[in-house]
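Just so you know, we're using my numbering here: the sequence shown kicks off at 252 and counts up by one.
Here the structure is laid out as structure tokens; the discussion comes afterwards.
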Amino acid sequence: MQRGRWVGALVAAAVLYASRPAAAQSAQQQNQEILNELKAIRQLLETLTTRLTAPAPTAAAGQPSNRVRLADVSGLALGKADAPLTMVEFTDLQCPFCRQFHVTAFENLKKDYIDTGKLRYISRDFPIDQLHPLATSAARVSRCAADQGKFWEMRHLILSNNAQLSADRFPAFAQELQLNMTAFNTCMANPATHEAELRKDMADASSVGVTGTPSFVVGLTGANGLDGYLLVGSQPYPAFDAGLKELLAKAAK
């Protein structure tokens, strides 16, 4: 019953959101980005077809799949450690859909849930280099910035500007954030820097069935991991809001 209400809330909110007219000046650009992403996905699928013997079923975008358990909820976090709810995002910092989520729903989530102590939000990496050749580099850049206490600021700069991302933008972002450039360049010069953390994120994502970005595991905060739902795709804020309210009501019982 809980899952049915969650699915219904997501679908209803997504339909309402999709029916709203897009801004005229951004519609063409957004459609082109989506078309480019779909073309890249098609090329990737054609490459993988020869390697796959039995494709696994996938959940519809934006709807919860089976319940999942994420054993490790470590990572770079926003919000109170003892917040009643936890959300883990697996992201590709060059993904246009991750950018869409970041500049739309995330801002409202931060204001209404993270900043008010209701939600602990954790960022994990799932770079898909076959689609986004700078994704792994972007993840390393964000972690090198984290070494100097500027992870969320760097993450915001990369995601907000990932439509025009290039390797030479990373040092510019670091300078904009007034990082120690010697330490930053040293961090970036070593390919092994933060490699273990990135591999851990990828393994944990795969363990709960993540195949694309952005993907989220959301549920009640627990002492030993996170038992929750896997949500896939850049959903409108009302979809997240409805689901989180239901979870909060469950937590209050």
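Ideal Cβ positions, reconstructed from N, Cα and C, are used throughout, including at glycine.
Note that this is a predicted model, so its numbers are computed, not measured.
- Counting every other CB atom within 10 Å of its CB across the protein chains shown gives V459 a total of 16 or more, marking it as buried.
- Measuring C-alpha to C-alpha distances from N413 to each of R320, C349 and R318 identifies C349 as the nearest.
- Taking all protein chains in view, the Cβ of A434 is surrounded by fewer than 16 other Cβ atoms within 10 Å, so the residue is classified as exposed.
- Bounds of the alpha helix (DSSP H) holding L360 are A356 to L360.
- From the listed residues L471, D492 and V483, the smallest Cα separation to K504 is found for L471.
- Assigned with DSSP and collapsed to three states, F377 falls in coil, not helix or strand.
- The continuous stretches of beta strand (DSSP E) do not include A418, and DSSP gives it neither H nor E.
- Boundaries of the beta strand (DSSP E) around V469: S466 to L471.
- Non-local beta-carbon contacts of L385 in its own chain, meaning distances under 6 Å to residues more than five positions away in sequence, involve Q345 and L416 in chain order.
- Between T337 and L408, the alpha-carbon positions lie close to 24 Å from each other.
- Cβ-Cβ separation between A390 and D380: approximately 10 Å, too far for a contact (criterion under 8 Å).
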